[in-house]
Amino acid sequence: MMPVTLNHFLVLSAMLFCIGLYGALAKRNAVAILMGIELMFNAVNVALVAFSRFGPASTVAGQSVLLTGQAFAIFILTVAAAEAALGLAIIFAIYRRRETIDPDRLNLLKW
Amino acid sequence: MTADLAWLILFLPLLAFLLNALVLRGRAIAALISTVAIGASFLLSLPFFFALFTRSEPFRTAAPFIQVGQVAFPFTIQIDALTAVMLVVVTGVSLLVHIFSIGYMAGDPGYSRYFSYLSLFSMSMLGLVLAQDLVLVYVGWELVGLSSFLLVGFWYAKPSAADAAKKAFITTRIGDFGFAVALMALFVAAGTTDIPRLIAAAEANQIAAGALLIAALGLFAGAVGKSAQFPLHVWLPDAMEGPTPVSALIHAATMVAAGVYLVARTFPLFEAATGVGGVPAALTVVAWIGAFTAIFAATIALVQTDIKKVLAYSTISQLGYMMLGLGVGSLVAGIFHLFTHAFFKALLFLSSGSVIHGAGTQDMREMGGLRRAMPITFAAFGIGALALAGVFPFAGFWSKDEIIAESLLHGNVVLFLIGEVTAFLTAFYIMRLMMLTFFGEHRGVAEHAGHQAAGTPASPAIGNHSADHGSHGELVPGMPVPAHHAGAPHESPLVMTLPLIILMVPATIAGLWALGGGFHDYLHNVPGVHGAAPPINLPIAALSTVVALGGLATGWFLYAAPGRAAAVARAFGPVTTLLERKYYLDELYEAGINLLFMRGSQALGWFDGTIVDGVVNGVAALFAGLSDVLRRWQTGRVQYYGVFLALGAVLLFVVSLVWTGGLIGR
Numbered sequence: 001m002m003p004v005t006l007n008h009f010l011v012l013s014a015m016l017f018c019i020g021l022y023g024a025l026a027k028r029n030a031v032a033i034l035m036g037i038e039l040m041f042n043a044v045n046v047a048l049v050a051f052s053r054f055g056p057a058s059t060v061a062g063q064s065v066l067l068t069g070q071a072f073a074i075f076i077l078t079v080a081a082a083e084a085a086l087g088l089a090i091i092f093a094i095y096r097r098r099e100t101i102d103p104d105r106l107n108l109l110k111w
Numbered sequence: 112m113t114a115d116l117a118w119l120i121l122f123l124p125l126l127a128f129l130l131n132a133l134v135l136r137g138r139a140i141a142a143l144i145s146t147v148a149i150g151a152s153f154l155l156s157l158p159f160f161f162a163l164f165t166r167s168e169p170f171r172t173a174a175p176f177i178q179v180g181q182v183a184f185p186f187t188i189q190i191d192a193l194t195a196v197m198l199v200v201v202t203g204v205s206l207l208v209h210i211f212s213i214g215y216m217a218g219d220p221g222y223s224r225y226f227s228y229l230s231l232f233s234m235s236m237l238g239l240v241l242a243q244d245l246v247l248v249y250v251g252w253e254l255v256g257l258s259s260f261l262l263v264g265f266w267y268a269k270p271s272a273a274d275a276a277k278k279a280f281i282t283t284r285i286g287d288f289g290f291a292v293a294l295m296a297l298f299v300a301a302g303t304t305d306i307p308r309l310i311a312a313a314e315a316n317q318i319a320a321g322a323l324l325i326a327a328l329g330l331f332a333g334a335v336g337k338s339a340q341f342p343l344h345v346w347l348p349d350a351m352e353g354p355t356p357v358s359a360l361i362h363a364a365t366m367v368a369a370g371v372y373l374v375a376r377t378f379p380l381f382e383a384a385t386g387v388g389g390v391p392a393a394l395t396v397v398a399w400i401g402a403f404t405a406i407f408a409a410t411i412a413l414v415q416t417d418i419k420k421v422l423a424y425s426t427i428s429q430l431g432y433m434m435l436g437l438g439v440g441s442l443v444a445g446i447f448h449l450f451t452h453a454f455f456k457a458l459l460f461l462s463s464g465s466v467i468h469g470a471g472t473q474d475m476r477e478m479g480g481l482r483r484a485m486p487i488t489f490a491a492f493g494i495g496a497l498a499l500a501g502v503f504p505f506a507g508f509w510s511k512d513e514i515i516a517e518s519l520l521h522g523n524v525v526l527f528l529i530g531e532v533t534a535f536l537t538a539f540y541i542m543r544l545m546m547l548t549f550f551g552e553h554r555g556v557a558e559h560a561g562h563q564a565a566g567t568p569a570s571p572a573i574g575n576h577s578a579d580h581g582s583h584g585e586l587v588p589g590m591p592v593p594a595h596h597a598g599a600p601h602e603s604p605l606v607m608t609l610p611l612i613i614l615m616v617p618a619t620i621a622g623l624w625a626l627g628g629g630f631h632d633y634l635h636n637v638p639g640v641h642g643a644a645p646p647i648n649l650p651i652a653a654l655s656t657v658v659a660l661g662g663l664a665t666g667w668f669l670y671a672a673p674g675r676a677a678a679v680a681r682a683f684g685p686v687t688t689l690l691e692r693k694y695y696l697d698e699l700y701e702a703g704i705n706l707l708f709m710r711g712s713q714a715l716g717w718f719d720g721t722i723v724d725g726v727v728n729g730v731a732a733l734f735a736g737l738s739d740v741l742r743r744w745q746t747g748r749v750q751y752y753g754v755f756l757a758l759g760a761v762l763l764f765v766v767s768l769v770w771t772g773g774l775i776g777r
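Protein chains in written order, with my numbering: chain A, 1 to 111; chain B, 112 to 777.
See the structure below:
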């Protein structure tokens with residue numbers, strides 16, 4: 001059985017990121033855009049955790065000593081949760097006022 | 112006696128000007144204040160004048176003026192014999208003109224304004240004369256130009272006066288440009304504009320020859336403008352639009368002599384300014400311009416019908432004589448003629464003012480027979496005319512003869528002949544003027560409509576001006592007719608005849624100062640005066656007298672009987688027309704201005720509109736077009752931006768891989 005290496009994680013991360021990017025850029029629904037952004041966050045998280053595990057300074061005598069990447073991932077999760085809450089609240093407020101969450105139609109500040 | 116008194120000479124008229132212009136606006140007492148101020152300046156000038164008979168060193172005084180960092184520029188005053196002569200002439204003639212004006216300008220609505228200007232002029236002219244530094248001379252020079260402008264355009268409601276003022280100002284400005292260039296050249300080449308130091312440097316050959324020549328010619332260009340020499344003389348005849356006393360003071364006796372004074376003041380610079388091979392280039396130019404102007408203006412004076420225009424061209428001609436005298440190397444002869452001319456020409460002009468005042472017209476064709484109505488004016492004019500013609504022993508004889516003699520001794524035969532011919536023409540035209548004005552029968556309109564206005568100098572007279580306008584050259588539409596300027600010919604009041612009587616004295620005897628070389632000895636410490644006084648050249652003096660008498664006799668003969676002069680004029684038909692049109696110079700200048708300035712402006716306008724604006728507008732259009740393309744990227748849709756952001760990131764990623772060989776190098 002093929003061992004799971006850093007490259008596998010990075011390819012997974014890249015694919016997740018691209019899907020998230022597509023969602024964020026192409027969707028006409030603000031909630032979907034927010035979801036795409038979440039996906040991109042998590043793609044980065046995957047990469048960070050993978051680097052933490054496989055990175056050059058991470059193993060000394062088979063022992064993991066640097067948890068920077070994993071700590072980063074925890075922080076990102078926290079921030080992403082807050083951001084999602086805030087984003088959804090904004091979208092909710094916009095919907096109540098404008099009855100739409102299509103970002104193309106939210107153009108009050110354009111002239 | 113202290114030189115500090117010179118400050119009073121300078122500042123009393125300034126004080127009068129400020130008082131009249133700022134405090135006493137529009138009060139008749141302005142006349143008294145201005146007259147007293149200039150009178151005091153005259154009295155203060157006399158001690159300097161007499162002290163310099165025995166004193167060899169100039170009086171000097173200075174005050175701090177401009178201080179820029181380390182460079183101090185003091186206000187320096189110098190009174191040497193040349194300055195003293197000018198001081199006496201300027202203050203003396205100015206005082207008499209002030210007195211005359213009290214009568215002449217009576218009833219004019221601008222009475223106090225007139226005297227303010229006169230005081231401003233006196234101050235400026237005295238500043239020009241007293242200054243020891245060329246920059247200060249320049250300041251005075253421009254100030255007299257300004258006061259001349261104000262006084263020529265005194266009756267500003269009359270379009271011809273306003274035009275004449277502008278013409279005088281702009282024409283002299285052409286010459287002033289030369290003066291400014293000369294100042295810069297001297298400052299760069301010699302590091303100073305202090306006249307005594309400049310003269311010392313020039314005499315020690317410390318100024319580069321080229322710069323010196325430029326400076327001398329530049330100074331002369333200024334003098335050509337101010338002293339109405341050919342080709343910048345065109346402003347002076349037009350300047351006769353000003354009040355006649357102003358013409359006497361500014362445009363005959365003093366300001367127009369400023370150019371002659373400037374050349375005399377910096378005479379050693381002119382002597383040192385030589386061309387290739389040591390030719391005295393600057394002085395040669397001065398001599399020829401002067402001689403040409405003398406004969407040129409005299410010929411025009413032959414046919415003028417306006418009494419003031421004759422005198423104006425006569426002034427140009429006499430200024431040419433002065434320049435000729437300077438140009439052949441005789442500072443004394445030039446300045447002596449300036450000195451005598453100031454008196455007899457002021458006398459002539461004031462007399463003509465009296466004539467205009469009494470006859471109510473400036474046109475000689477409407478005069479005639481005035482000798483009976485105006486005996487004092489007639490006597491004054493007669494003495495002025497004899498002095499101008501150069502008849503022994505009147506003032507003009509001595510000074511003009513000295514110039515003519517010098518032009519033969521130190522110039523050449525051509526200059527001498529020009530001098531003699533001009534002397535003949537001068538005698539002729541002044542005799543013609545006398546005949547037309549004072550002899551024969553009165554040809555004017557006996558009763559003028561304006562006569563009703565006597566005693567009511569204000570608005571009621573306005574309605575009469577149309578009837579009077581044709582015959583009264585100084586009449587101003589829209590301004591009240593001065594009440595006295597109308598009616599049958601009559602003698603002027605004492606306030607006007609008194610200055611005439613006083614001026615008759617110097618016009619008669621001022622020339623006697625030349626006897627025994629007196630004037631030369633007085634000036635002998637002035638830089639540029641060399642050697643001893645030349646003896647009076649009897650053969651030339653005799654010849655000049657014969658020429659002058661011949662001119663007078665010819666004038667008498669032609670105008671004693673009606674028809675003779677007209678016959679001569681017809682015989683010389685085209686020449687007469689040429690002279691009457693003043694050689695078409697005004698037309699030529701106008702055409703030249705049209706050609707040069709209008710066409711040139713059109714060409715430059717095209718350049719400005721097409722090339723300069725084209726470049727500017729082109730740049731703007733380029734960026735507008737570019738923006739039009741680029742702004743389409745700015746959709747305002749965040750997702751588009753995100754796409755480009757992502758694409759950019761990918762691009763950077765690819766580039767960095769290629770750069771480091773990551774993609775293909777392995």
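Glycine residues also receive a C-beta, built at the ideal position from the N, C-alpha and C atoms.
Under a Cβ-count criterion, where at least 16 other Cβ atoms within 10 Å of its own Cβ denotes burial, should residue i be classed as buried or exposed?
i: Y424/B; result: buried
i: L614/B; result: buried
i: F225/B; result: A quick correction: the sequence has Tyr, not Phe, at residue 225/B. Y225/B is buried by the Cβ-count criterion.
i: Q340/B; result: buried
i: M366/B; result: buried
i: M485/B; result: buried
i: S271/B; result: exposed
i: E513/B; result: buried
i: I101/A; result: buried
i: F128/B; result: buried
Which residues mark the beginning and the end of the alpha helix (DSSP H) in which residue i is found?
i: P348/B; result: W346 to D349
i: F265/B; result: No alpha helix (DSSP H) holds F265/B; DSSP gives it neither H nor E.
i: Y633/B; result: G629 to L634
i: G329/B; result: A320 to K337
i: K27/A; result: Taken as a continuous stretch (DSSP letters only), K27/A belongs to no alpha helix (DSSP H), as it is neither H nor E.
i: V439/B; result: Element bounds for V439/B: n/a, residue is neither H nor E.
i: I91/A; result: T68 to R98
Tell me which residues share the same chain as residue i and place their Cβ nearer than 8 Å to its Cβ, disregarding the 5 neighbours each side in the sequence.
i: S13/A; result: A43, V44, V46, A47 and A50
i: L126/B; result: A148
i: L21/A; result: G36 and M40
i: Y695/B; result: L689
Following the continuous beta strand (DSSP E) through residue i, name the residue where it begins and the one where it ends.
i: I190/B; result: V182 to I190
How big is the Cα-Cα spacing for residue i and residue j?
i: A296/B; j: A490/B; result: 50 Å
i: A268/B; j: S152/B; result: 33 Å
i: A93/A; j: V31/A; result: 13 Å
i: E96/B; j: T146/B; result: Any property of residue 96/B remains undetermined from this structure, which presents chain B solely from 112 to 777.
i: I190/B; j: P124/B; result: 18 Å
i: A139/B; j: Y222/B; result: 7 Å
i: A496/B; j: T202/B; result: 23 Å
i: T5/A; j: R97/A; result: 50 Å
i: S428/B; j: T404/B; result: 6 Å
i: F116/B; j: L654/B; result: Checking the sequence shown, residue 116/B turns out to be Leu, not Phe. For L116/B and L654/B, the distance between alpha carbons rounds to 46 Å.
i: R482/B; j: F381/B; result: 47 Å
i: G333/B; j: Y372/B; result: 11 Å
i: T608/B; j: F492/B; result: 11 Å
Answer yes or no: the CB of residue i versus the heavy atoms of the ligand GTP, is any distance below 6 Å?
i: G661/B; result: Ligands in the displayed structure: none, and consequently the ligand GTP is not present.
Under 7 Å Cβ to Cβ from residue i, same chain only, skipping five residues before and after it: list those, please.
i: A621/B; result: F450, T451, F454 and A506
i: I400/B; result: V335, Q340, F341 and M434
i: P169/B; result: Q189, I190 and D191
For residue i, which residues in the same chain have their Cβ closer than 6 Å to its Cβ, ignoring the five residues on either side in sequence?
i: A359/B; result: V208, A457, F460 and L461
i: F549/B; result: L481, R482 and F489
Along the chain, which unbroken stretches of the beta strand (DSSP E) at least 3 residues long are found entirely within the segment 118-198 of chain B? Secondary structure remark: continuous beta strand (DSSP E) runs of at least 3 residues inside the segment 118-198 of chain B, in chain order: 170-179 and 182-190.
So within the segment 623-673 of chain B, which uninterrupted beta strand (DSSP E) runs reach at least 3 residues, ignoring any that extend past its ends? Under the rule that a run must span 3 or more residues, no beta strand (DSSP E) segment is found entirely inside the segment 623-673 of chain B.
Whole runs of the alpha helix (DSSP H) within the segment 210-246 of chain B, excluding any shorter than 4 residues: Runs found: 222-241.
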